[in-house]
Amino acid sequence: MSNSGWAVELDHISKEFRGTAAVRDVSLRIADGEFFSLLGPSGCGKTTLLRMIAGFELPDRGEIVIHNVVMGDTPPHQRDVNTVFQSYALFPHMSVAENVAFGLQMKHVNKREIATRVQQALDMVQLGSYGERRPRQLSGGQQQRVALARALINQPEVLLLDEPLGALDLKLRKEMQLELKGIQQRLGITFIFVTHDQEEALTMSDRIAVMDAGQVLQVGGPTEIYERPTFRFVADFIGECNFLPGSVVAVENGSATIQTSGGLQVTGIAPQPVAVGAAVVLAIRPEKVRLIEGDRPAGVNLFPVKVERVAYIGSDTRIIVRLPDGAPFDVWEANTVSTLDPNQYYTPGDEVFLAWTPQNALVLRH
Amino acid sequence: MLSARTEHRRAWWQASPAMIWLGLFFLAPLVLIVLYSFQSRASDGTVAWTWTLENYAKLLRDGSFWRTLWLSTWIALVVTLITLLISYPLAYFMATRPKRWRSALLFAVMLPFWTNFLVRIYAWKVLLGNNGVINQVLAGVGLEPIAIINSQWAVLLALVYGELPYMILPLYAALERFDWTQMEAAHDLGAGRVQAFTRIMLPQTLAGITAGAILVFVPTVGTFAVSDILGGTDGFMIGNLLDLHFRSTPNWPYGAAISMLFMLLLLGAIALYLKATREETDGENPG
């Protein structure tokens, strides 16, 4: 068997449910040993895509290849992938150890080896002494670990995770994110991770596919997805973003100047080529702009604004300002100096200047 | 805050209507039967109030009692097994339909209850009789008639028909609250259809099977009307034996003894059965 280096290849996959397209013509290649996330809002098709890789659903069109083997209609129990379910789907009538042993029993591994490997798997998820318990005697986080051990003990080539951290509280979720990432790096198994939580995807992934309405909009590493989104949807879904709609008035090597509908002239970089006259949006993240007090300085992308609302949230201060045309605009300023002096913070009604460097703003097609 | 004692007394008061009800209609007849079984027979077949153990001594030697008990048990076991084999796939089918279909299907299962049970048994007599509907149809297409009426087979058929809902309902209840993603999890971990069923679904629906089996077995083993109407001498069951001793050729004390022994054997069997299945279902998700 020749090895292409791809763990999973999706080739023009489409799936409909009762006439509604759930996944539309998705092609992806996921590398061996990669932590790959499918990120998107609920109903975007990410779970359907995962279920097709697992074999619970078959694609209407297209081909799924796992480690160079074309899956066709191979049933789930004959695929070398395992799944961690959103609801964990632990077997309530079995002990934790029996749950974890189930996959090896199905493969007729001998009893002594099963016992050893079950203990190793439970130790790996720090539940070494919980083997005799029933799943319902465990907390949500512990059940999640059992589900992980139950899948990983089979040493699958690819582990599929369907929003596995969704039911955990925030603190536990952060812990599990690090732990999952650690386990993935230690074992070198390909993880395909479905989530709607952008922060989770950014923290853990080598690469992320952002999905909307059954389609993959952009695939890339966390910085690429965050810093160079190619669609308005991606910029909007991942992190916070200000959007100024307008049309292109000038284009010059990689950057574009647009006239906003509010009458401002702004410049940003254009990740994809745009033509003069095209309807676009300028996308600019609230932490990538500055507020300047005092006299008007010189420069482009500089506008007088009025502070409307100020929210102090500890690490940042989040400020809403009004542009000259009256549109609201979010600005986040990092609180880099520790002070109680009220004059160091903005107050509503302050008149200041809003500025950004052109490389911090993106000209995106709709 | 009320004292534990007052609390306790109040609980008794609140329960008293139920106590009186049970005492009058459940306990009193039972005590009466126990008493009867230790008396000798009066000349008219009722009870002469002289104490004796003779009824039980006679019963242990009575071949016809043990034969009838064996036939009743055999029929009840077969009926339970057949209803289970029919009901499980049916309940599975119902539980996997979309929600709006399920209540309609449940309604269909319970529809026969709207007609009197005796009427339905007489309908079977009409269907199965030697000149009944089925045999007329068979004759019409030139086939040999079947002689099923007045046999244990007719009893069996009608009992399976009548008891089916009592098996379907607890199985449906068990399957409806079953978490189906567990089947996907089992497949995902390498289990084929058969293994996923026997290792995951069956153990978790065992409580429903147990409930259904008891609900079907107990009324079936003690049935009277069905075997009386459809069974003839071939389908003579415990219920008919009791009828004989209390009505046709009265010997109330002996009938009472049969009733007592039968009840004790039945309770013993059910206790053993529950013990066995409880060990199996231990640890199953309650509720």
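The listed protein sequences correspond, in order, to chains A and B. Going by the working numbering, the first sequence opens with residue 10, and the numbers climb by one from there. Going by the working numbering, the second sequence opens with residue 70, and the numbers climb by one from there. C-beta: ideal position from N, C-alpha, C; glycine also.
Cβ neighbours of residue i in the same chain (closer than 6 Å, five flanking residues each side left out)
i: Ala265(A); result: Val257, Ala279, Val283 and Val372
i: Ala3(A); result: What the structure shows of chain A is the stretch from 10 to 375, and residue 3(A) is not part of that stretch, so it cannot be assessed.
i: Val93(A); result: Ala156, Leu157, Ala160, Leu170 and Pro173
i: Arg154(A); result: Val134 and Leu136
i: Ala106(A); result: Val127 and Gly140
Min CB distance residue i to chain B below 8 Å
i: Met80(A); result: no
i: Phe202(A); result: no
i: Phe2(A); result: The requested residue 2(A) does not occur in the structure, where chain A is confined to residues 10 to 375.
i: Pro68(A); result: no
i: Ser11(A); result: No answer about Ser11(A) holds up, because its pLDDT of 46 lies below 50 and its placement is not dependable.
i: Pro173(A); result: no
i: Gly149(A); result: no
i: His205(A); result: no
i: Ala30(A); result: no
i: Ala218(A); result: no
i: Met115(A); result: yes
Own chain, CB closer than 8 Å to residue i, minus 5 neighbours either side, in chain order
i: Asp312(B); result: Phe293 and Asp297
i: Leu138(B); result: Ile307, Phe331 and Leu334
i: Glu353(B); result: Residue confidence is low: Glu353(B) scores 46 on pLDDT, short of 50, so the model does not pin down where it sits. No coordinate-derived value is stated.
i: Pro367(A); result: Ser264, Thr276, Gly277, Ile278, Val309 and Asn310
i: Pro333(A); result: Gly271, Gly272, Leu273, Phe312, Pro313 and Val314
i: Trp365(A); result: Ile293, Lys297, Val298, Arg299 and Asn310
Nonlocal neighbours in the same chain, by C-beta distance under 7 Å from residue i, ignoring five residues either side
i: Lys24(A); result: Ala31, Val32, Thr57, Met61, Glu66, Pro68 and Asp69
i: Ala254(B); result: none
i: Ser85(B); result: none
i: Lys116(A); result: none
i: Tyr235(A); result: Leu211, Ile247 and Gly248
i: Pro84(A); result: Gly64
i: Gly14(A); result: Ala40 and Asp41
i: Leu159(B); result: Ile237
i: Pro355(B); result: Its pLDDT being 41, under 50, Pro355(B) is placed unreliably by the model, and nothing is read from it.
i: Ala242(B); result: Gly277
i: His256(B); result: Ala265
Any C-beta of chain A under 8 Å from that of residue i
i: Leu244(B); result: no
i: Asn354(B); result: Because Asn354(B) sits at a pLDDT of 43, beneath the cut-off of 50, its placement in the model cannot be relied upon, and the following sentence gives the value as read from the coordinates. Answer yes: the Cβ-Cβ gap between Asn354(B) and chain A drops below 8 Å somewhere.
i: Ile278(B); result: no
i: Leu164(B); result: With the sequence shown as reference, residue 164(B) is identified as Ala, and Leu is not the correct amino acid for it. Not one chain A Cβ lies under 8 Å of Ala164(B).
i: Pro86(B); result: no
i: Leu258(B); result: yes
i: Glu348(B); result: no
i: Ala254(B); result: yes
i: Thr357(B); result: Outside the modelled stretch of chain B, which goes from 70 to 356, sits residue 357(B), for which no answer is possible.
i: Pro272(B); result: yes
i: Ile102(B); result: no
CB of residue i within 8 Å of CB of residue j, strictly
i: Val148(B); j: Leu238(B); result: no
i: Phe107(B); j: Leu122(B); result: yes
i: Leu4(A); j: Leu168(A); result: Only positions 10 to 375 of chain A appear in this structure, which leaves residue 4(A) out of reach.
i: Ile198(A); j: Pro165(A); result: yes
i: Ser96(A); j: Thr250(B); result: yes
i: Val290(A); j: Arg331(A); result: no
i: Ser46(A); j: Ile217(A); result: yes
i: Asn204(B); j: Ile190(B); result: no
i: Glu232(B); j: Thr346(B); result: no
i: Cys250(A); j: Arg318(A); result: no
i: Phe202(A); j: Leu258(B); result: no
i: Ile327(B); j: Phe186(B); result: no
i: Ile144(B); j: Val224(B); result: yes
i: Pro373(B); j: Arg130(B); result: Examination of residue 373(B) is not possible in this model, given that chain B is present from 70 through 356 alone.
i: Gln415(A); j: Thr239(A); result: This structure does not reach residue 415(A), given that chain A is present from 10 up to 375, and the question cannot be answered.
i: Ile329(A); j: Glu342(A); result: no
i: Glu209(A); j: Gln186(A); result: yes
i: Ile123(A); j: Gln129(A); result: no
Touch test, the segment 335–344 of chain A against the segment 291–299 of chain A, Cβ-Cβ under 8 Å, three pairs minimum | yes
Using 8 Å as the threshold, is the segment 276–287 of chain B in touch with the segment 198–213 of chain B, meaning 3 or more CB pairs across them?
-> Not touching, per the Cβ criterion.
Taking only runs that begin and end inside the segment 106–180 of chain B, name each unbroken alpha helix (DSSP H) of 4 or more residues, in chain order.
-> Here the runs fully enclosed are 123–130, 132–164 and 168–179.
Report the residue ranges of all alpha helix (DSSP H) runs contained in full by the segment 119–195 of chain A; include only those spanning at least 4 residues, in chain order.
-> 120–133 and 149–161
Complete alpha helix (DSSP H) runs within the segment 52–100 of chain A (minimum length 4 residues, chain order) = 55–63
When the Cβ atoms of the segment 77–92 of chain A are set against those of the segment 215–230 of chain A, are three or more pairs found closer than 8 Å?
-> no
Where in the segment 205–270 of chain A do unbroken runs of the alpha helix (DSSP H), each at least 4 residues long, occur, reported from the N-terminal end onward?
-> 207–213, 231–236 and 241–246
Which parts of the segment 203–245 of chain B are runs of the alpha helix (DSSP H), unbroken and 4 residues or longer, counting only runs that do not cross its ends?
-> 221–245
Every unbroken alpha helix (DSSP H) within the segment 72–111 of chain B, with a cutoff of 4 residues, ordered by chain | 73–91 and 97–106
Could I get the ranges of all uninterrupted beta strand (DSSP E) runs contained in the segment 283–353 of chain B, with 3 residues as the minimum, in chain order?
-> none
Runs of beta strand (DSSP E) lying entirely within the segment 300–347 of chain A, each at least 3 residues, in chain order = 311–321, 325–331 and 337–343
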